[in-house]
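Visitor: Those protein sequence lines, which keep their order, are chains A, B and C.
Start counting the first sequence at 1; every next residue gets the next number (full-length UniProt numbering).
Start counting the second sequence at 1; every next residue gets the next number (full-length UniProt numbering).
Start counting the third sequence at 1; every next residue gets the next number (full-length UniProt numbering).
Cβ atoms here follow ideal geometry from the backbone N, Cα and C, with glycine treated the same way.
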Amino acid sequence: MHTPGSSTSGYALLLIVQVVFIIVFGFCTDYAKELLPVKNETLRTVTSEPAESNLRKYPHFQDIHVMIFAGFAFLMTFLKRYGFSASGLNLLVASLVVQWAIIMRGCYEMEDGIIPISLQNLIGADIAAATVLISMGALLGRTTPIQLLIMGIVEIAIFAGNEYLQIELVKAADVGGSITVHAFGAYFGLAVSFMLRPKKDQAKAGPLEGSSYNSDISAMIGTIFLWIFWPSFNSALVDGADQERAIINTYLSLAGATVTTFVLSALVSHEHKLDMVHVQNSTLAGGVAVGSICNLLIHPFGALIVGVIAGVISVLGYRYLTPAILSNLRIADTCGVHNLHGMPAVLSAIFSAIYATFASADTYGTSLATIFPAMQNPNANHHSSETEPLEYVIGGYGRSGAKQGAFQLMAIGLTMAIAIVGGLLTGLILKSPSVRQLEEHELHKDDAFWETPSEDSKNTADTNDSIHQ
Amino acid sequence: MHTPGSSTSGYALLLIVQVVFIIVFGFCTDYAKELLPVKNETLRTVTSEPAESNLRKYPHFQDIHVMIFAGFAFLMTFLKRYGFSASGLNLLVASLVVQWAIIMRGCYEMEDGIIPISLQNLIGADIAAATVLISMGALLGRTTPIQLLIMGIVEIAIFAGNEYLQIELVKAADVGGSITVHAFGAYFGLAVSFMLRPKKDQAKAGPLEGSSYNSDISAMIGTIFLWIFWPSFNSALVDGADQERAIINTYLSLAGATVTTFVLSALVSHEHKLDMVHVQNSTLAGGVAVGSICNLLIHPFGALIVGVIAGVISVLGYRYLTPAILSNLRIADTCGVHNLHGMPAVLSAIFSAIYATFASADTYGTSLATIFPAMQNPNANHHSSETEPLEYVIGGYGRSGAKQGAFQLMAIGLTMAIAIVGGLLTGLILKSPSVRQLEEHELHKDDAFWETPSEDSKNTADTNDSIHQ
Amino acid sequence: MHTPGSSTSGYALLLIVQVVFIIVFGFCTDYAKELLPVKNETLRTVTSEPAESNLRKYPHFQDIHVMIFAGFAFLMTFLKRYGFSASGLNLLVASLVVQWAIIMRGCYEMEDGIIPISLQNLIGADIAAATVLISMGALLGRTTPIQLLIMGIVEIAIFAGNEYLQIELVKAADVGGSITVHAFGAYFGLAVSFMLRPKKDQAKAGPLEGSSYNSDISAMIGTIFLWIFWPSFNSALVDGADQERAIINTYLSLAGATVTTFVLSALVSHEHKLDMVHVQNSTLAGGVAVGSICNLLIHPFGALIVGVIAGVISVLGYRYLTPAILSNLRIADTCGVHNLHGMPAVLSAIFSAIYATFASADTYGTSLATIFPAMQNPNANHHSSETEPLEYVIGGYGRSGAKQGAFQLMAIGLTMAIAIVGGLLTGLILKSPSVRQLEEHELHKDDAFWETPSEDSKNTADTNDSIHQ
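1) Put Pro453 (chain C) into one of helix, strand or coil per three-state DSSP.
2) Listed in chain order, which residues of the region 351-372 of chain A have Cβ atoms closer than 9 angstroms to some Cβ of chain B?
3) If Met67 (chain C) sits next to Leu424 (chain C), beta carbons under 8 angstroms apart, how far is it from one beta carbon to the other, in whole angstroms?
4) So what's Leu414 (chain A) in DSSP terms, helix, strand or just coil?
5) Can you pull out the residues from the region 255-278 of chain C whose beta carbon lies closer than 8 angstroms to at least one beta carbon of chain A?
6) Please report how far the alpha carbon of Ala191 (chain A) lies from the alpha carbon of Ile325 (chain A), in whole angstroms.
7) Nearest CA to the CA of Glu111 (chain C): which residue from C:Ile64, C:Gly177, C:Lys33 and C:Gly71?
8) Thinking C-beta only, is Ser292 (chain C) closer than 9 angstroms to Gly176 (chain C)?
9) Pairing CB atoms from the region 236-256 of chain B with CB atoms from the region 171-185 of chain B, are three or more of them under 8 angstroms?
10) Could you name the residues of the same chain whose beta carbon sits closer than 8 angstroms to that of Asn90 (chain C), not counting the 5 residues immediately before and after it, in chain order?
11) Can we say the region 344-357 of chain C touches the region 296-309 of chain C, given the rule of at least three CB pairs closer than 8 angstroms?
12) With DSSP collapsed to three states, give me the class of Asp239 (chain A).
13) Could you check whether Lys80 (chain B) and Ser215 (chain B) sit closer than 9 angstroms to each other, using their CB atoms as the reference points?
14) For Asn214 (chain B), go through chain A and note every residue whose CB falls closer than 7 angstroms to its CB, in chain order.
15) For a test of the three-state rule: what should DSSP assign to Thr29 (chain A), helix, strand or coil?
16) Nearest chain C C-beta to Ala241 (chain B) closer than 9 angstroms, yes or no?
17) Looking at Val93 (chain C) and Ala129 (chain C), is the spacing between their C-beta atoms short of 9 angstroms?
18) Got a sec: is the Cβ-Cβ distance from Lys80 (chain B) to anything in chain C below 9 angstroms?
19) Taking 9 angstroms as the threshold (C-beta atoms), are Ala246 (chain A) and Cys294 (chain A) in contact?
20) With 9 angstroms set as the bound, which would you pick, yes or no: does the beta-carbon of Arg245 (chain C) sit closer than that to a beta-carbon of chain A?
21) Who does Ile114 (chain C) pair with in a DSSP beta bridge?
22) Tell me, which residues are paired with Leu274 (chain B) by DSSP?
23) Distance, Cα to Cα, Met276 (chain B) vs Ser314 (chain A)?
24) Applying the 10 Å Cβ sphere with the 16-neighbour rule, what's the burial state of Leu284 (chain C)?
25) Skipping 5 residues on each side, what residues in its chain have a beta carbon closer than 6 angstroms to that of Ala160 (chain C)?
26) If you follow the alpha helix (DSSP H) that Asp126 (chain B) is in, where does it begin and where does it stop?
27) If we ignore side chains and look at the alpha-carbon of each, how far apart do Thr463 (chain B) and Ser454 (chain A) end up?
28) Look at the alpha carbon of Ala359 (chain C) and the alpha carbon of Ser235 (chain C), and state the distance between them as a whole number of angstroms.
29) Using 10 angstroms around the beta-carbon of Asn162 (chain B), count the other beta-carbons present and answer buried if the total reaches 16, otherwise exposed.
30) I need the boundaries of the alpha helix (DSSP H) containing Asn339 (chain C), first residue and last residue.
31) Is it buried or exposed for Phe27 (chain B), if we count other Cβ within 10 angstroms and need 16 for buried?
32) Using a C-beta to C-beta distance shorter than 9 angstroms, which residues of chain A count as neighbours of Phe229 (chain C)?
33) Grab me the residues of Phe84 (chain B)'s own chain with a C-beta within less than 6 angstroms of its C-beta, minus the 5 sequence neighbours each way, in chain order.
34) I need the straight-line Cα distance from Leu165 (chain A) to Leu122 (chain A), nearest angstrom please.
35) Considering just the uninterrupted stretch of the alpha helix (DSSP H) at Phe84 (chain A), what are its terminal residues?
36) For Ala289 (chain B), which option in B:Phe233, B:Lys273 and B:Leu274 has the closest C-alpha, if you only look at C-alpha atoms?
Here it is in structure tokens:
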């Protein structure tokens, strides 16, 4: 009980980080131009349009906001004695990294040394935060709060660079972030987990690494809100018909993954009973697996097939792969992010390569230029009034379908490599002697860092007491 | 503890159903035309408008999505030891039936043998799923998962036919689905419950058919989210001023029902204490009771009155009617859907008949044609540029108010008859010897079908233990 | 156990109030003109536009609706044995006072003796309900349901008058309601609490005035949904670029307050452990503190600074001030609304005065007239086609920045004075012998007014039992 909390130096450091962020915000950011007041009244109608147009994304933003701050938070409360940390640290980590993500992502879109901030940046920051929370899922219960925050800071910096690389330079299609968010977050977290792996004889589930009846129910709050709003996550960055297709495909993929998860969970589990771990996680794999292709013409049956495959892979991963990785490589993965985010994301990238291979202007018409920007013919550019002047792209414009497919595979490959190397380095930092590590008896336990309700309540009319006395 | 789960054959069957759905989606569905890419650039502006217009419904859709997947799920977690099933099976059943509902409802709007899928179909599918979840509420804890899924498949097929009959052929006004969703779902479920009724000497509440302190709180998550988003449910299918009236009326009706529920709960309950069952359910009756009339000119005070009456009926139903039905007819109704959905829906239909009787072009102006389509004069049709060419309607166009009122009553009567007959037949299927039934000791208990947290956790630092040791 | 519930006379009175409300709605309200059907078809396009425009606020409304009915409800479930009351009475009180708020607020916008009701009124009513729920937070567990309802009725009447005074007559800028909602609600509640203060020797936390592990988790549901949707609360009443700035500033302020809360909680708490009370409440103080200035040009770094200061004040308040106030003044503040709403709101008002002082047409351009309406030059009014004809304003138009700043301070000062006097008078009513008071053993305990799950469940397979037997 009397384990000291994190040393105050850790929290003092956090305060310094917050102050530094404020200074950076002060010198390097401002509202985007369309959000500044109009000095000259005649300009009003012209400039108010962009603001209105930004705000059309607001419901989508709020859905994603629910996923990041409620969905991930409650999904991670499944451990019987780690609910304060799951819900609380999710809030802390996300609050810190969204600020940092606005800065880091903004580096690639500065105008005159100033990052213009609009609702779009908040959406991007929330999505970036998802990456860190996925990595946190792999490590849940095995780090101090300060270790998590250090990881978040490093991870966002690398994430922002990789996102820019894959989306702007490689021009990979990844509208739902399966490559840049889910794969990156999962493999980064697993690499950190590898670095923090226990000594040989301790690589097994601890006594508190399980759920209680109530914690399983509260985890379902997270699952269900993630499930509900996943179509918004996948469709937030596209518009019009592309957006509506992304919504429909994600909806169907989730439905297919959910049915498959229940079937497979019963088939592979002990006594053919359903396993809450699968229901809480694998049902969501359909959202990840359809992420990179949800705006493509995969057609409703294609979306269902993707979901079904994702459900199969995810449940089998939980049942067989995660225990094997733990016992063989000693990589712990508390939430099983490899099964929910890692493998389904790779699947999504592979599908995106296949669909890209068969994509052409015949099937996609004028949408080709928005879905696969590097497939447009640079000479035909003057036709399209909506695209910006072409920027530098690795491999050049005018890609064939097959070439775009190859670049999709390159995107996932590069992303995994960067995530793993970044995660290993981050793990090295977290393991350094200057950073406080968890003792073994502190694993998966709120009490080390939280004041928990006193056990002295025994003799008062506590809920449990009133039932048991 | 060692009850075998559902036989694997049941889950294998479910997998086959999922595969069949995929095949049907492959051959019979595609994106709606406005979601397909534009081949010819000049058409772009014309065709992108419908997609934008569809997407204006997206926030409404997401609200309904929360109701179906979070609202119903948590409302049903009120049983002390059935939370995994309530939250998990809600997700499974809904995920399966939304797919099936897209197909079945799509049969009535096929174009060239293909169901065109847009956001509109997802909204319709979610609403259809509500019907099955209502029926599930009546049976909660008394069926196997496979029985629920069989019921869902049969129910959706009948639901889709009945919905088409009442809305398109009878042209009943039922914008919030009180007739086609709530009454149908409730009476269908009660009819199934009647067929599955226990033997004479077992018709009483089982030992687990009650709540715990924590399960009552988690049920409130469901209640509150249903309460919050009910205005979206009732107003999703209308536009403009009609939509805003539907929102306002539903809001007020819910407020009135809530106040009344508390008053009556205290007045009729033991020792004049409030009863959580009433608070969790009867507060929502206002949303059901205003469903068929929420877009009419019932005026704010009318909406409040409807809510108050619904609250009265619902609480009295829970207090006196449900126990009477259980002991006399041996029809169990675990969630009391008769009091939350059944009777308030009938009330709504009766009100809709009364309001229709007094409706005229004088009061409703040009809205009459959208609210009561069969009341428009077919000869005057060429005036209205917004209505489609008139389709066949039972009883013909140019109905008087009184005639429309009669058709409203016909709609509820027909719906109840179809639901009850359909439910009885479905119950017959579920009782057949080839379908696994629940043993008595498995009632209202997750453990038969779920791996539940091990009791061996006793000696570890479990939440409860840490308080009690 | 056998304490009688509230006397039935209290609930009967509540029924009478509901009936009176219906009568008032019948005689004094109707749908706003744009929601009434169009009699003449040629007017259709003209009049449907306002309805569409109203409905653009619907997603914002629903976000606020979640805050009021889910956020406040679950935030207050933190007490170990008061969850039924927190979630249930929140619903009851809010359902009653939204009706009353529509009437009271409508008094100031009547047209020909009729209050025109549109979505705008529902937004206003929800925001007004927040005021009462804040006051309820101060008193949580110390009143009967009927006392709460009496307080709500009185409070809304005073609130509506004060809101009209500050916004329409003083023309204070307070777009997020920090002055009119948060400060008013907090100081009103504290004044009531002062009147209901216990006798000298009882002024200490009772045995049930604490949380359990599960109740702390369910309180986080409230915290997190309030946190997520706070940007909607602060931005609901503005449009375009002003709205987007309000969203961005609130988002950043909340993020800054959250990081600061964790840091400070660890630094000032026992053994440097995190305190759930701080996490549940002080993280939200950033939303309150930025309320009156969120649409101003405070710039992203300004928003972060406001959040950080709010977090500091709030945590220190919980740690040192609330216990001091309890022991010295015997003012109990169960949820610590002084730290979450009271002080951060005063901070917001002070900031608004400072920013107003430096505001000018140079920096704010044409937005000045919408942000600080009384700073516009009445003679220049004919230029602006969007502002209504100028109404009477205390102190007149054409205010300088410094003068507007003074009026901002006057607004918070007046509001606090009115709230405190109103609260004292209300407390006098609640203490009157004709109103049933809580016995000491009923404090913070559901059992006095709710049927709670029977303790006889001990021998059945209850959740806890199955783990412990």
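Guide: Let me spell this out:
1) Coil.
2) Flagged, chain order: Ala361, Asp362, Thr363, Tyr364, Gly365, Thr366, Ser367, Leu368 and Ile371.
3) Between Leu424 (chain C) and Met67 (chain C) the Cβ distance is about 28 angstroms, and since that is not below 8 angstroms, they are no contact.
4) If DSSP states are grouped into helix, strand and coil, Leu414 (chain A) belongs with the helices.
5) For the region 255-278 of chain C, which is checked against every Cβ of chain A, the residues closer than 8 angstroms are Ala255, Gly256, Thr258, Val259, Thr260, Phe262, Val263, Ala266, Leu267, Ser269, His270, Glu271, His272, Lys273, Leu274, Asp275 and Met276.
6) A direct Cα-Cα distance of roughly 12 angstroms separates Ala191 (chain A) from Ile325 (chain A).
7) Nearest to Glu111 (chain C) by alpha-carbon distance, out of C:Ile64, C:Gly177, C:Lys33 and C:Gly71, is C:Lys33.
8) Taking 9 angstroms as the Cβ cut-off, Gly176 (chain C) and Ser292 (chain C) qualify as a contacting pair.
9) Segments in contact, yes.
10) Contacts found: Phe69, Phe72, Ala73, Met76, Leu133 and Met136.
11) With the rule of 3 Cβ pairs closer than 8 angstroms, the region 344-357 of chain C counts as touching the region 296-309 of chain C.
12) Correct three-state label for Asp239 (chain A): coil.
13) A contact, by the Cβ cut-off of 9 angstroms.
14) Near Asn214 (chain B) (Cβ distances below 7 angstroms), the residues of chain A are Asn214.
15) Under the three-state reduction of DSSP output, Thr29 (chain A) falls in the strand class.
16) Yes, contact with chain C.
17) Contact flag set, yes.
18) True, the Cβ-Cβ gap to chain C drops below 9 angstroms.
19) Yes, the Cβ-Cβ distance between Cys294 (chain A) and Ala246 (chain A) is below 9 angstroms.
20) Closer than 9 angstroms: yes.
21) The partner list for Ile114 (chain C) (beta bridge, DSSP) reads C:Glu111.
22) Partner(s): C:Trp450.
23) Roughly 39 angstroms separates the two Cα atoms.
24) Taking all protein chains shown into account, Leu284 (chain C) has 16 or more neighbouring C-beta atoms within 10 Å of its C-beta and is therefore buried.
25) Here the set comprises Met104 and Arg105.
26) Element bounds for Asp126 (chain B): Leu119 to Leu139.
27) Low confidence applies here, because Thr463 (chain B) scores a pLDDT of 40, under 50, leaving its location unreliable; read the following figure in that light. Rounded to whole angstroms, the separation of the alpha carbons of Ser454 (chain A) and Thr463 (chain B) is 12 angstroms.
28) Cα-Cα distance, rounded: 20 angstroms.
29) Buried, by the Cβ-count rule.
30) Looking at the DSSP string, Asn339 (chain C) is not in any alpha helix (DSSP H), and its letter there is neither H nor E.
31) Around the Cβ of Phe27 (chain B), a 10 Å sphere holds fewer than 16 other Cβ atoms; the residue is exposed.
32) The contacting residues are Gln62, His65 and Val66.
33) So the list reads Asp446 and Trp450, once near-sequence residues are dropped.
34) Each residue's Cα considered, the two are about 20 angstroms apart.
35) It spans Gly83 to Gly106 - the alpha helix (DSSP H) in which Phe84 (chain A) sits, taken as one unbroken run.
36) It is B:Phe233.
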